[in-house]
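Below: one structure, written as structure tokens.
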Amino acid sequence: MTPGAEPLLAYSLTTDPDPPRIGASATLRLVVRGGARPAYCRRITLSVPTGTGAAALTNNPAAIRDAPVQGGNHQDQGGGWTIARSTPSGRAEFTATPRAARGWLPGVTPLTLELGDIAVNAAIGGATLTVTEESSADGTTWATRSTSLPVPKFAAGFVFRGFAPDRIHVDNGESVRLTWEGSTASYVMRWGHLGVDDVSNVKEWVSPPLHDTTTFRLAAFVPGSGAEKVLTTTVTVFRPHLFVGDLRARRNVRLIGADQRLNPVPGGAALRLRAPTDGTLVGHVKAKVGAAPATVRVAADEYVQVFTSDNRDASRVPAETPFHVPIRRGATVAISATGTAADDFGLTWLPKGTGLLTPVD
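Just so we're aligned, residue 1292 is where the sequence shown starts under this note's numbering, counting upward by one.
This is the structure in structure tokens:
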């Protein structure tokens, strides 16, 4: 077996609560998918640092509850996966292995590993979890590959949520007002390539004029502790500026064409459309406060994404879920929505050439 570099699989980690609070219980969920392409895997080990310090997550590894692995039940994917635990010095390790000799993991059917009842220790800081996979691109040449996943720990009662702009689509040259809810901490706003601003003493911020689609990154942190939580949001600019160092055109040059507003009907038949050029679907979904969640589903040939807005908790600031989905020329796109007329849906086609999405019979 040879050592590997970057993992072949893709990992995403969520926590409940988000972020974890010291002295309280927390749950971790690790979702594992195929990366740039499907890969074979013989084991996945999640290592949790233990102890009383700022870099450890818990000093009570025996209390951690591991749930059955979700997914991977098809024989090709391993015929079901099991979890085994060990507690070497300074960490607790949870190793998932397939019942078959190996599992084949694509991007659309993930595995989920869940660790519950984690007694977060009393030190504010940043713990780093390690994921190690034994994987192969072709099922023949195997390697061990690792990646790190940060888990910040904040004070009891810490809140950081609701980061959103007042608009997710603006005209070229317009600004947006961003707001959020957060407990006492240091906050830094970053945007574009070089934009940075200390926003520790405010809970709303007006951006400079925007000339291209911009992602805003708001970080909350406790200086010197290693505890940092980041929220992001993106604002789309219609007809943005184009900045290039060198551009040569041998034949045709295609620019962003006129936008097309779409109107998926909640509970109605899916919109089935054909893309005459490359482009991007941008939109948002916002469920009515106190009502059932609302969703938008976008399927482009074999690629499917579902976006959900859940505002059932009326005690929280209602959240809007923005999204953007790249679409290739010639793709058939199916768009459907669930919810009611009281929910807020928005969807716009931005072509990277000329041509509107056309209905498919």
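Beta carbons: idealized from backbone N, C-alpha and C, even for Gly.
Residue i versus the options, residue with shortest Cα-Cα distance
i     : options                       : result
T1305 : F1385, L1406, V1624 and T1343 : L1406
S1474 : A1510, A1578 and G1325        : A1510
P1609 : P1340, S1600 and H1615        : S1600
G1637 : F1614, T1645 and A1625        : F1614
N1412 : A1347, T1527 and T1524        : A1347
P1443 : L1533, L1420, D1592 and I1335 : L1420
P1555 : V1576, P1379, S1437 and L1319 : V1576
D1408 : D1488, P1389, T1349 and P1441 : T1349
F1385 : G1581, I1355, D1307 and A1632 : I1355
P1389 : T1403, T1373 and G1483        : T1373
G1570 : A1583, G1646 and N1351        : G1646
F1512 : R1541, E1465, F1445 and R1468 : F1445
A1418 : P1514, G1342, I1335 and H1532 : G1342
R1436 : V1526, A1383, F1534 and L1337 : L1337
G1326 : A1591, Y1302 and W1496        : Y1302
G1548 : F1529, L1501 and D1537        : F1529
R1320 : A1358, N1364, A1605 and T1568 : A1358
G1344 : L1501, G1381, R1508 and V1595 : G1381
R1563 : G1369, V1535, L1533 and D1592 : D1592
G1369 : G1430, T1568, L1440 and A1353 : G1430
T1568 : L1533, G1644, R1376 and P1531 : G1644
W1482 : N1463, A1476 and R1508        : R1508
L1533 : P1514, A1578 and N1463        : N1463
Presumed contact (8 Å Cβ cut-off) between residue i and residue j, rounded CB distance
i     : j     : result
A1410 : R1312 : Not a contact, Cβ separation roughly 11 Å.
G1280 : T1470 : Residue coverage of the chain in this structure runs from 1292 to 1652, which leaves residue 1280 outside it and unanswerable.
L1648 : V1616 : Wrong, their Cβ atoms sit about 12 Å apart, outside the cutoff.
V1651 : R1565 : 5 Å
A1262 : A1582 : Residue numbering for the chain in the displayed model covers 1292 to 1652; residue 1262 lies beyond these limits and cannot be assessed.
I1679 : A1387 : The question about residue 1679 has no answer, for the chain in this structure spans 1292 to 1652.
L1501 : E1472 : No, L1501 and E1472 are not in contact; Cβ-Cβ is about 23 Å, not under 8 Å.
Run of the beta strand (DSSP E) containing residue i, from where it starts to where it stops
i     : result
P1617 : T1612 to I1618
E1495 : E1495 to V1497
S1377 : W1372 to S1377
E1519 : A1518 to F1529
L1562 : L1562 to R1565
E1405 : L1402 to A1410
H1460 : H1460 to D1462
P1609 : Unbroken run through P1609: none, as it is neither H nor E.
F1636 : D1635 to P1642
G1394 : G1394 to L1396
K1579 : Where K1579 is concerned, there is no enclosing beta strand (DSSP E), given that its DSSP letter is neither H nor E.
L1321 : S1316 to G1325
A1510 : T1505 to V1513
P1456 : F1451 to P1456
G1486 : G1486 to D1489
G1416 : G1416 to S1427
P1389 : R1382 to P1389
Residue i versus residue j: straight-line alpha-carbon distance, rounded
i     : j     : result
E1425 : E1297 : 12 Å
V1597 : T1612 : 11 Å
K1494 : A1455 : 11 Å
R1603 : G1621 : 38 Å
I1415 : S1491 : 19 Å
D1457 : G1574 : 14 Å
A1392 : R1607 : 47 Å
R1539 : T1423 : 45 Å
M1292 : W1433 : Annotation note: pLDDT 44 at M1292 (below 50); position unreliable, coordinate value reported separately. Those two C-alpha atoms are separated by around 6 Å.
T1438 : L1404 : 16 Å
V1560 : S1516 : Note that residue 1560 is Ala in the sequence shown, not Val. For A1560 and S1516, the distance between alpha carbons rounds to 52 Å.
V1479 : T1523 : 12 Å
R1468 : V1461 : 11 Å
V1526 : T1504 : 6 Å
P1499 : T1506 : 13 Å
H1365 : R1333 : 15 Å
V1339 : A1383 : 5 Å
N1351 : D1488 : 39 Å
V1497 : R1542 : 42 Å
Same chain only: Cβ atoms within 8 Å of residue i, ignoring 5 sequence neighbours per side
i     : result
P1329 : W1395, L1396, P1397 and G1398
P1401 : V1322, V1323, R1324 and G1362
P1557 : A1585, A1628, T1629, G1630, T1631, A1632, D1634 and F1636
T1318 : T1306, D1307, E1405, L1406, G1407, D1408 and I1409
Min CB distance residue i to chain D below 7 Å
i     : result
A1347 : Absence of chain D from the displayed structure is noted, only one protein chain being present.
Close-in-space but distant-in-sequence residues of the same chain around residue i (CB under 7 Å, 5 per side omitted)
i     : result
A1315 : V1411 and A1447
A1428 : L1299 and A1330
Contact set for residue i: own chain, Cβ-Cβ below 6 Å, skip 5 residues either direction
i     : result
D1550 : T1639 and L1641
R1588 : V1597 and S1627
K1520 : P1310, P1443, F1451 and A1511
A1605 : V1580 and G1581
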